[in-house]
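In terms of the working numbering, the sequence shown is residues 3 to 282.
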Amino acid sequence: MNKIIYATLFTFIFSFFSFGQNKVDQNLVGFWKSTIYPTKNDPVKGNSFVDRKADGTFTLYLELIYKNDSIYTKETGHWSTDNGIYTEIGEEYNDEYTYKIIQNQIDFKVRKNKLPLGFRSEKFLEEKTTDQSNYYEDRYSIFKVKTLQKMLDMNDKMNGFSYDPSDGIQDSRLVGVWVGSEKDNQEEGLSKEWTMTRNADGTFLLDFKTKMKGGKTNRFTEKGKWWVKDNKFYEYHEESDMTDVYTFEVLNINQIKFKVFEMSFDQNNNDYDFIDNRKK
């Protein structure tokens, strides 16, 4: 019996002090929207949506626009109020503002000697709006998946294991010794000539020379593996540990047209294409 009494008393005392330390102004509970305006130092613009619960928790959704790209982020944490001071403690930041309620609007101003964090500004106005948390949860989830995929693709490129040669075949039409040349196609002012030897065992040897306008000629030799899958040509380079991918079209027995699908390095011309001619 004594244990039950002590446990009940402890719970009451703990709840009392917790409530006293984390007061919330119920007028701030609900779903609120504010606008993020671009500044001289920060060109990002967009909207902020915060869902404040009566238990002192919040979820913040940011819908940001930068150079025509839409970015969705999410932050969770706790909020409290005390003597006209609004405190927001999130996973990434801790903000303090004075606030004034005017009907369905809240006027926030950063507390003196404090700096706004996150995407908050020194002062902003929130307006109460309908609960759109489900919509922004979806937007955030979709954006997170796309971002993760981009990171995985980038990681694959950096580690050189984007593509498995065992999944492909060696198309006999591409086997042989091929030559080609181009100018100003991949990069303005750059001319290239090459001899590509593709062997039936899936290995290749590439000899090529490049010259920038007004510069000297450079010669390179590369080797690696090649294969074909789903009408795409894969070219893995041993030295860089990277794989370039092209779509291709066999024009005739002596000519093959390649067009870039995915390169292991950034280039100026995303529509880069070239023709290999069978060496006679």
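Each residue gets a CB set at the ideal place from its N, CA and C atoms; glycine is no exception.
C-alpha distance - residue i paired with residue j, whole-angstrom precision
i, j, result
"D275", "K47", "38 Å"
"N201", "K259", "18 Å"
"E128", "L64", "14 Å"
"Y88", "Y68", "29 Å"
"V282", "N256", "For the record, residue 282 in the displayed sequence is Lys; it is not Val. K282 and N256: Cα-Cα distance of roughly 9 Å."
"T1", "Y142", "Nothing can be reported for residue 1: it is not among the residues displayed for the chain, which extend from 3 to 282."
"T197", "L208", "6 Å"
"D182", "D71", "The question names Asp, but residue 182 is Gly in the sequence shown. One C-alpha to the other measures close to 39 Å."
Opposing strand residues paired with residue i [DSSP bridges]
i, result
"M198", "W180, L208"
"I67", "K47, S72"
"Y238", "K227, T245"
"L30", "DSSP, once it has assigned bridges, lists no residue as partnering L30."
Candidates the options, of which the one nearest residue i by Cα
i, options, result
"T131", "P118, H239, N106, K146", "N106"
"I144", "S193, V181, Y74", "Y74"
"N85", "N43, D278, V26", "V26"
"K273", "Y248, V252, R280", "Going by the sequence as given, residue 273 is Asp instead of Lys. Closest option to D273, Cα to Cα, is Y248."
"P2", "E98, M265, F126, G191", "In the structure as shown, the chain begins at 3 and stops at 282. Residue 2 is therefore absent and cannot be evaluated."
"T37", "E94, R122, T78, F210", "R122"
"G204", "K211, P167, N49", "P167"
Helix, strand or coil at residue i according to DSSP, with G and I counted as helix
i, result
"D133", "coil"
"F121", "coil"
"N254", "strand"
"N96", "strand"
"N220", "strand"
"T13", "For T13, the predicted model reports a pLDDT of 42, less than 50, meaning its position is unreliable; a value from the coordinates is still stated below. The answer is helix: DSSP assigns T13 an H, G or I state."
"R280", "strand"
"T41", "coil"
"F163", "Here the model assigns F163 a pLDDT of 47, short of 50, so the residue's position is not dependable, and the following value carries that caveat. In this structure, F163 counts as coil in the three-state DSSP scheme."
Residue-chain proximity (residue i, chain D), Cβ-Cβ < 9 Å
i, result
"E237", "Looking for chain D here will not work: only one protein chain is present."
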